[in-house]
Each structure stands twice: as structure tokens, then as C-alpha cells.
Amino acid sequence: MVDLNTVVEAKGDLLKLLESLPDPRKRRGIRHRHAVVLVVAICGCLAGARSYSALGEWAAALPQEALERLECRWDSKRQYYVPPSEPTLRRALQAVDVDLVDQQLGVWLEKKAPGTAVAVDGKTVRGAVDQNGRRLRLLSALVHKEGVVVGQRLVPPEHNEITEFKPLLQPLELTGKVVTADAHHAQREHARFLVEDKHAHYLFTVKGNQPAVLADLKALEQGAFSPCDENHRQGSWST
Numbered sequence: 738m739v740d741l742n743t744v745v746e747a748k749g750d751l752l753k754l755l756e757s758l759p760d761p762r763k764r765r766g767i768r769h770r771h772a773v774v775l776v777v778a779i780c781g782c783l784a785g786a787r788s789y790s791a792l793g794e795w796a797a798a799l800p801q802e803a804l805e806r807l808e809c810r811w812d813s814k815r816q817y818y819v820p821p822s823e824p825t826l827r828r829a830l831q832a833v834d835v836d837l838v839d840q841q842l843g844v845w846l847e848k849k850a851p852g853t854a855v856a857v858d859g860k861t862v863r864g865a866v867d868q869n870g871r872r873l874r875l876l877s878a879l880v881h882k883e884g885v886v887v888g889q890r891l892v893p894p895e896h897n898e899i900t901e902f903k904p905l906l907q908p909l910e911l912t913g914k915v916v917t918a919d920a921h922h923a924q925r926e927h928a929r930f931l932v933e934d935k936h937a938h939y940l941f942t943v944k945g946n947q948p949a950v951l952a953d954l955k956a957l958e959q960g961a962f963s964p965c966d967e968n969h970r971q972g973s974w975s976t
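If you count the sequence shown from 1, position 35 lands on 772 in the working numbering, and the numbers rise without skipping.
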């Protein structure tokens, strides 16, 4: 069940964030605000709709109170709120800049689940392939404990997770937070970026793929690592 009060609350709500996105539609014939169409689609997906037709059916079944809360179009002649139709939803979703929508969703979710630590993790998407039949891989940023995804990047086949690390985290507010990542990201530039640019801490895993670094770490005494503070009991270990 989707809590519409959470989605469209007065301050910092998703609808207002989506208003900042460019509208790719031609001005002629527009009946629904672009942000409204997007937020209806997002709520429909959260409610379980997995196709354009399912989104259209979900929107059509919304009560008038919900349509009002989502700021759907008011038909003054018939005196009721009108949801975007399936063709309207489909055209808007096919034309929108997906990366911009995803970035705004990340900003919204980050406010809902701020947390003190963010995990960077890469996963191959089950059952999803590109136009060449290659499986899709995403690099995501998740809030620890909550498990809420606040950012994600598609890893191009010609690249790897390392190249997507900084673009993934750049839009996020990470000041004072701990960023954890696996051995792929135990990179000097990643550490510099987090500490100097994002004013964050980091906890990287180091494995045998970096034998010199691993040997250096094993030779250090515990006191050589950054101490824990009250907010980060697990500490921030510099590699």
C-alpha cells in the first residue's frame, strides 16, 4: 500500500523535486503536468504495477481523494479529478530522461532514510538485458540497516564498477558519513574523493588482488587506524 502523504508531503516532497525536470513533450495538447504523470507512475510501480497497462488501470482506479493529493488535473466541466491515461503514462515514461528521474528519486529517498553509513554494491540485474542481449549490471548506493537505495548507475559493458563509483556518489550528501565498499573500490583516488571532496569516511575491504596493500595493512598495529567516534562505532579505516 502506497502512503500518498509520504509522497506528497508539504516540505521536500517528491512532486516538487520532479517539477524541476525538463518536460520533453510538445506543448500542444498537454493536459497533465509532467511531474504529476511521473509521480503517478512512481506510485503505481510502488503499488506493484509492472506494465504500462497495469499503471493505467491502477491510476484509473484511484479515488478522488488520492487524485487530489497527487495534484491530478481538475475537470471543471465534470467536477472531478482526472488521472493520466495509459497512453499518457507510456509516452511520458518513454520520453523522460531516466537518469535525471533516478537522481531526483535518490535525493528524495536520502531525505527519507538519511542514515550514517552508505554501502556501495554492484549487482547483475536478474532477467534484464540490453538491446544486444547482454545482462545489465547496476552499481548502487544503499543506506545501511534501512537497505534503501539512494542512488544507482548502470555499468556500461565497456567499463567496470570503478569508473562509476564517483558519478554514483557525487550527488549524495555524505558529509560525516561512512561509505563502505568491497575490494573493487579499494582505490587511492576513491579514498581521496571521499575524504577531500565529500568530507566522508570510508571502510574498504582489501583482498589478495592487492597483495602489497594487504601486506602493508597486516603489518600495521591497530592504533595506526582511525579511531571510532560516538557516531561511527565501527570506525573508518584508511587503507
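Backbone N, C-alpha and C define an ideal beta-carbon position, used for all residues, glycine too.
Around the beta carbon of residue 779, 16 or more other beta carbons sit within 10 angstroms, so the residue counts as buried. Inside the stretch 892-976, DSSP marks whole beta strand (DSSP E) runs of 3 or more residues at positions 915-918 and 938-941, from first to last along the chain. DSSP, read as helix, strand or coil, puts residue 856 in strand. The Cβ-Cβ distance between residue 905 and residue 884 does not fall below 8 Å. Per DSSP, the unbroken beta strand (DSSP E) holding residue 812 starts and ends at 810-812. According to DSSP, residue 889 shares a beta bridge with 877.
DSSP places residue 786 in the coil class of the three-state scheme, outside both helix and strand. Just measuring C-alpha positions, the residue of 759, 754 and 955 sitting nearest residue 842 is 754. By the criterion of at least three beta-carbon pairs nearer than 8 Å, the stretch 852-860 is in contact with the stretch 868-876. By the C-beta density criterion, residue 820 is buried, having at least 16 other C-beta atoms within 10 angstroms. Segment contact: the stretch 767-785 against the stretch 807-825, three or more CB-CB distances shorter than 8 Å; contact assigned. When the five nearest sequence neighbours on each side are left out, the beta carbons in the same chain lying within less than 7 Å of the beta carbon of residue 891 are those of 873 and 875, in order along the chain.
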